[in-house]
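**Q** Take a look at the following structure, please.
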Amino acid sequence: MKNLKSFLLAAFTLATLASFESAFAKESACKNQKTVVLDGYVTMTFCEIPAAGGVMIGNNDDFEAAPAKPRNFQKFQIGQFTVTQLQYKTIMQSEPWMANGSPLTYVQEGDSNPAVWISYEQAKQFTRTLNLIDPTATYRLPTEAEFEYAARGGTKTTYYWGDEMDTNFPFFAGNIGSESYAHAVDSCPVPYLNNRMPGYCANPYGLFHMLGNVWELTEDVYVRGYDNAPTNGNEPMKGEPNAVHTTRGGSFLDDANLISATWRGYAPPNKGYGDTGFRVVRIPKSMR
């Protein structure tokens, strides 16, 4: 009887995982995936985010992100992953996350780990260099609205996985234990699930870690509230040249309340942080 119970439990577990895997594979996909060669074997992958009108951006329950307003989006491509240390080193020939041969605070060295300690100005220079490498498209940081729209993955729930926090999905203070660093951009928090279903934590647009792992820089100047936000979601909020810029997504250092598609952080233009990185938007000439 004991063996029968064990067999039935194992069968149920495998069936549940298979169902989860099938559902995830059906719903999560990087549409019109585009791979750009940076140098040799070093590449960057982009997913297409569909055009949409009247997408609500913001949160009326948070005065920093209110009022929620409808925005319109032309389709765009966004990096499937946060920019990695290898990608940044390849393009910029520098390692801002290192000092005197040793990693700075909150850094774990690794080609697939996020490039952190990157300032807004350094991230902008990265995109300028990409524009020289690939003249078939325009590269830039995402607008705040683009980031929120892409982070939601087409869902209307609090998180792209549902309305309740689930520690299976984001890297944040609630599940990293003593590991005070960002994790590989293509990894997921639960090793067993990650081995069984690689990439299970990506959102329905196929994007990894739009919530958690590291804060991500955006093109927008930080302005409290959205009263004067543009209706065009592909257009950033603008301001003084030395103004702080908005960051999004939360990080491995943050509690659950900051791991949200609508929560807004900010960073000065010339200072990097160990829990902050970035990803890139690509606009092919054919989309203009």
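Residues -25 to -1, 1 to 263, numbered by mature numbering (1 follows the signal peptide of the UniProt record, and there is no 0), are exactly what the sequence shown covers, in order. Ideal Cβ positions, reconstructed from N, Cα and C, are used throughout, including at glycine.
Alpha carbons only, please: which of Asp229, Asp202, Asn232 and Val196 is nearest the one belonging to Glu215?
**A** Val196
**Q** Quick one: using the 10 Å Cβ neighbour count with 16 as the cut-off for buried, is Val255 buried or exposed?
**A** buried
**Q** Between the Cα of Glu139 and those of Thr113, Asn232, Thr59 and Met185, spot the shortest distance and give me the residue it belongs to.
**A** Asn232
**Q** Decide if the segment 37 to 57 is in contact with the segment 200 to 210; the criterion is three or more beta carbon pairs, one per stretch, under 8 Å apart.
**A** yes
**Q** On the DSSP letters alone, give me the boundaries of the alpha helix (DSSP H) that Asn106 sits inside.
**A** Tyr95 to Ile108 is the extent of the alpha helix (DSSP H) around Asn106.
**Q** Quick check on Thr193: buried or exposed, where buried means 16 or more other Cβ atoms within 10 Å of its Cβ?
**A** buried
**Q** Throw me the rounded Cβ distance for the Glu23 and Lys44 pair, which I believe falls under 8 Å.
**A** The Cβ separation is near 24 Å, so there is no contact.
**Q** For Tyr175, does the three-state DSSP call read helix, strand or coil?
**A** coil
**Q** Find the nearest neighbour of Ala120 within the set Trp238, Tyr248, Gly249 and Arg263, judged by alpha-carbon distance.
**A** Cα-wise, what sits closest to Ala120 is Trp238.
**Q** Apart from the five residues on each side of it in sequence, which residues of its chain come closer than 7 Å, Cβ to Cβ, to residue 279?
**A** Because the chain here runs from -25 to 263, residue 279 falls outside it and cannot be looked at.
**Q** Can you find the residues in the same chain that come closer than 7 Å, C-beta to C-beta, to Lys64, ignoring five residues on each side of it along the sequence?
**A** Glu70
**Q** Just to confirm the assignment: which complete beta strand (DSSP E) runs, minimum length 3, are found wholly within the segment 108 to 148?
**A** 112 to 115
**Q** DSSP beta-bridge partners for Glu23?
**A** Gln52
**Q** Can you give me the C-alpha to C-alpha distance between Gly225 and Leu186, rounded to a whole angstrom?
**A** 6 Å
**Q** Anyone know if the C-beta pair for Phe144 and Val160 falls short of 7 Å?
**A** no
**Q** DSSP beta-bridge partners for Asp14?
**A** Paired residue(s): Val17.
**Q** Output the distance between the C-alpha atoms of Tyr167 and Glu191, rounded to the nearest integer angstrom.
**A** Rounded to whole angstroms, Tyr167 to Glu191 spans 27 Å at the Cα level.
**Q** With distances taken Cα to Cα, identify the nearest neighbour of Pro89 among Gln62, Lys213 and Leu107.
**A** Gln62
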